[in-house]
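S.K.: Just so you know, the protein sequences line up as chains A and B, in that order. So that you can map any letter, position 129 of the first sequence is 128 in numbering that gives the first Met the number 0, and since no number is skipped, the others follow by simple counting. So that you can map any letter, position 48 of the second sequence is 47 in numbering that gives the first Met the number 0, and since no number is skipped, the others follow by simple counting. All C-beta atoms in this analysis are idealised placements derived from N, C-alpha and C, irrespective of residue type, glycine included.
2 protein chains.
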Amino acid sequence: MISFVTTNKGKFVEAKKIAEKFSIEIRWVNLEYPEIQGESLEEVAYFSIKFLSKEIDDMFFIEDSGLFINSLKGFPGIYSSYVFKTIGNEGILKLMEGVKDRSAYFKAVVAFYDRSEIHTFIGITEGRIANEIRGDSGFGFDPIFEYNGRTFAEMGEGKNEVSHRRKALEKFFSWLTKNF
Amino acid sequence: MISFVTTNKGKFVEAKKIAEKFSIEIRWVNLEYPEIQGESLEEVAYFSIKFLSKEIDDMFFIEDSGLFINSLKGFPGIYSSYVFKTIGNEGILKLMEGVKDRSAYFKAVVAFYDRSEIHTFIGITEGRIANEIRGDSGFGFDPIFEYNGRTFAEMGEGKNEVSHRRKALEKFFSWLTKNF
Numbered sequence: 000m001i002s003f004v005t006t007n008k009g010k011f012v013e014a015k016k017i018a019e020k021f022s023i024e025i026r027w028v029n030l031e032y033p034e035i036q037g038e039s040l041e042e043v044a045y046f047s048i049k050f051l052s053k054e055i056d057d058m059f060f061i062e063d064s065g066l067f068i069n070s071l072k073g074f075p076g077i078y079s080s081y082v083f084k085t086i087g088n089e090g091i092l093k094l095m096e097g098v099k100d101r102s103a104y105f106k107a108v109v110a111f112y113d114r115s116e117i118h119t120f121i122g123i124t125e126g127r128i129a130n131e132i133r134g135d136s137g138f139g140f141d142p143i144f145e146y147n148g149r150t151f152a153e154m155g156e157g158k159n160e161v162s163h164r165r166k167a168l169e170k171f172f173s174w175l176t177k178n179f
Numbered sequence: 000m001i002s003f004v005t006t007n008k009g010k011f012v013e014a015k016k017i018a019e020k021f022s023i024e025i026r027w028v029n030l031e032y033p034e035i036q037g038e039s040l041e042e043v044a045y046f047s048i049k050f051l052s053k054e055i056d057d058m059f060f061i062e063d064s065g066l067f068i069n070s071l072k073g074f075p076g077i078y079s080s081y082v083f084k085t086i087g088n089e090g091i092l093k094l095m096e097g098v099k100d101r102s103a104y105f106k107a108v109v110a111f112y113d114r115s116e117i118h119t120f121i122g123i124t125e126g127r128i129a130n131e132i133r134g135d136s137g138f139g140f141d142p143i144f145e146y147n148g149r150t151f152a153e154m155g156e157g158k159n160e161v162s163h164r165r166k167a168l169e170k171f172f173s174w175l176t177k178n179f
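1) Suppose contacts are defined by Cβ-Cβ distances below 8 Å. Is Gly126/B in contact with Ala107/B by that definition?
2) For Ser52/A, count neighbouring C-beta atoms within 10 Å of its own C-beta (all shown protein chains included) and say buried if the count is 16 or more, exposed if not.
3) Return the first residue and the last residue of the alpha helix (DSSP H) that Ser79/B is part of.
4) According to the Cβ coordinates, are Lys93/B and Leu168/A closer than 8 Å?
5) Chain A partners of Thr85/B, CB-CB under 7 Å?
6) Roughly how many whole angstroms lie between the Cα atoms of Gly37/A and Ser70/B?
7) Which residue comes first and which comes last in the beta strand (DSSP E) that contains Ala107/B?
8) Over the uninterrupted alpha helix (DSSP H) stretch that includes Thr176/B, give me the two end residues.
9) In this structure, how does DSSP classify Pro182/B when only helix, strand and coil are distinguished?
10) If we define contact as Cβ-Cβ less than 8 Å, is Leu40/A a contact residue for chain B?
11) Comparing the C-beta of Tyr78/B with each C-beta of chain A, is any distance below 8 Å?
12) In whole angstroms, what is the alpha-carbon distance linking Phe46/A and Ser39/A?
13) Of all Cβ atoms in chain A, is any one closer than 8 Å to the Cβ of Ile132/B?
14) Short check: CB of Thr6/A to CB of Glu31/A, under 8 Å?
15) If you measure beta-carbon to beta-carbon, which residues of the segment 86-119 of chain B are closer than 8 Å to chain A?
16) Here's the rule: buried if 16 or more other CB atoms are within 10 angstroms of the residue's CB, otherwise exposed. What is Glu145/B?
17) Specify the secondary structure class of Glu125/A as computed by DSSP and reduced to three states.
18) Could you have a look at Glu96/A and say whether DSSP puts it in helix, strand or coil?
19) Short of 7 Å in beta carbon distance, which residues of its chain neighbour Gly73/B, apart from the five on each side in sequence? Order them along the chain.
20) Quick check: the segment 106-120 of chain A against the segment 130-143 of chain A, are there 3 or more CB pairs under 8 Å?
21) Pick out whichever of Asp57/B, Ile25/B and Arg26/B has its Cα sitting closest to the Cα of Glu116/B.
22) CA-CA distance, Lys15/B and Ala44/B?
23) Looking at the unbroken beta strand (DSSP E) that takes in Glu31/B, where does it start and where does it end?
24) Bridge partners for Thr150/A per DSSP, in chain order?
Now the structure itself:
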């Protein structure tokens, strides 16, 4: 069985549903682990995997994601969760005042350790920063990330159909069925 | 001899000058090390020290610092260098538009490993976020950090007399003379 290491129960439940479509069973390991201040989600994930490989005996994967705003040089990127907790959606909207290029993307990285190698799977969903906060569902930057005219927070369950995390997880599970 | 692990030559030169006043000699170790995404400068430093303790054989110290803006819940804090590289001084000024409480502080942490324990020394310099970018000296957020009416970037060498880093280093070297 493959373990998903995350302290976020919601993420585990979402991943479990997607895994079932591939007839894959996953187990939840609720464990905190260090993340470094890296240059990319991939670099952060590699470091965390190396740390966790000493703590966990079987095959496992982790997932991390971030919002990357092109006109802000990728900010908040890998620090999305910290930036959300401090300046929040209001802060991002303020930074985007008067900015023409509002393009942005959510990126997710799934990193899987098969006890000999690390394999990464990327999911990207492109959109734009909305002009205002809209919608009640989801979490984090969902209310300001617009995809096809609606924010992620306005899409309810529909978000899960097109989300960066789903794309990365599907790539991973699809690869798993062929390789394990 | 005690090693200062930093990739920043300027920091080493500054520390060496201060150390000399305490008749302490320090050596430069130009080595990159991982920093975690922690809750505080202290937590980040502890982790880095643990990592470095396996790489370096003698006593050593590291230094890290950040700008903490009270009305932004401490943002950019431990991520100051990333935030500077992305949204920069302009981004901070934008976030502070219309904000009444412009108080902020620079904080430095020196963490020293004596091969058995980690000792930390804190330096804090309080000021406020200026209304505009002013001054040419210094680096990073210096042009928007106002101390007694002038920004750090307007103070030239005078900044080094009152800086958070100097305060932390002086506390450390003073402690060293009594304990080693």
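M.R.: According to the structure data:
1) On the second sequence, residue 126/B is found 127 positions in, with the first residue counted as 1. On the second sequence, residue 107/B is found 108 positions in, with the first residue counted as 1. Result no, Cβ atoms of Gly126/B and Ala107/B do not sit closer than 8 Å.
2) Stepping through the first sequence from its first residue, residue 52/A is reached at position 53. Ser52/A comes out exposed.
3) The residue labelled residue 79/B in the question sits at position 80 within the second sequence. DSSP places Ser79/B in the uninterrupted alpha helix (DSSP H) bounded by Ser79 to Thr85.
4) Translated into positions along the second sequence, residue 93/B becomes position 94. Translated into positions along the first sequence, residue 168/A becomes position 169. In this structure, Leu168/A does not lie closer than 8 Å to Lys93/B by Cβ.
5) Within the second sequence, numbered from 1, the residue matching residue 85/B stands at position 86. Neighbours of Thr85/B on chain A, chain order: Leu71, Lys72, Gly73 and Phe74.
6) By 1-based counting over the first sequence, the position of residue 37/A is 38. By 1-based counting over the second sequence, the position of residue 70/B is 71. Roughly 27 Å between the two C-alpha positions.
7) Within the second sequence, the letter at position 108 stands for residue 107/B. Unbroken beta strand (DSSP E) run through Ala107/B: Ser102 to Tyr112.
8) To locate residue 176/B, count along the second sequence from 1; it is residue 177. Looking at the DSSP string, the run of the alpha helix (DSSP H) that includes Thr176/B is His163 to Asn178.
9) Because chain B in this structure spans residues 0 to 179, residue 182/B falls outside the shown range and cannot be described.
10) On the first sequence, residue 40/A is found 41 positions in, with the first residue counted as 1. Answer no: the Cβ-Cβ gap between Leu40/A and chain B never drops below 8 Å.
11) Looking up residue 78/B in the second sequence gives position 79. Yes - at least one Cβ of chain A is within 8 Å of the one on Tyr78/B.
12) As a working note, residue 46/A is residue 47 in the first sequence. As a working note, residue 39/A is residue 40 in the first sequence. Using only the alpha carbons, I get a separation of about 11 Å.
13) The count along the second sequence starts at 1 and reaches residue 132/B at position 133. No, Ile132/B does not count as interfacial toward chain A.
14) Within the first sequence, residue 6/A is the residue found at index 7, counting from 1. Within the first sequence, residue 31/A is the residue found at index 32, counting from 1. It is a contact, given that the beta carbons lie within the stated cut-off.
15) Within the segment 86-119 of chain B, the qualifying residues are Ile86, Gly90, Lys93, Leu94 and Glu96.
16) Counted from its first residue, the second sequence places residue 145/B at position 146. By the neighbour-count rule (16 or more Cβ atoms within 10 Å), Glu145/B is buried.
17) Indexing the first sequence from 1 puts residue 125/A at position 126. It is a strand residue.
18) Here residue 96/A corresponds to residue number 97 of the first sequence, with the count starting at 1. If DSSP states are grouped into helix, strand and coil, Glu96/A belongs with coil.
19) Residue 73/B sits at position 74 when you count from the first residue of the second sequence. Only Phe67 meet the Cβ criterion.
20) no
21) The residue you call residue 116/B lines up with position 117 of the second sequence. The option with the nearest alpha carbon to Glu116/B is Asp57/B.
22) Taking the first residue of the second sequence as 1, we reach residue 15/B at position 16. Taking the first residue of the second sequence as 1, we reach residue 44/B at position 45. The alpha-carbon atoms of Lys15/B and Ala44/B are separated by roughly 20 Å.
23) On the second sequence, position 32 is the one that residue 31/B refers to. Here Glu31/B belongs to no beta strand (DSSP E), and DSSP marks it neither H nor E.
24) Sequence index remark: in the first sequence, residue 150/A carries index 151 (1-based). Among the bridge pairs identified by DSSP, Thr150/A is matched with Glu145/A.
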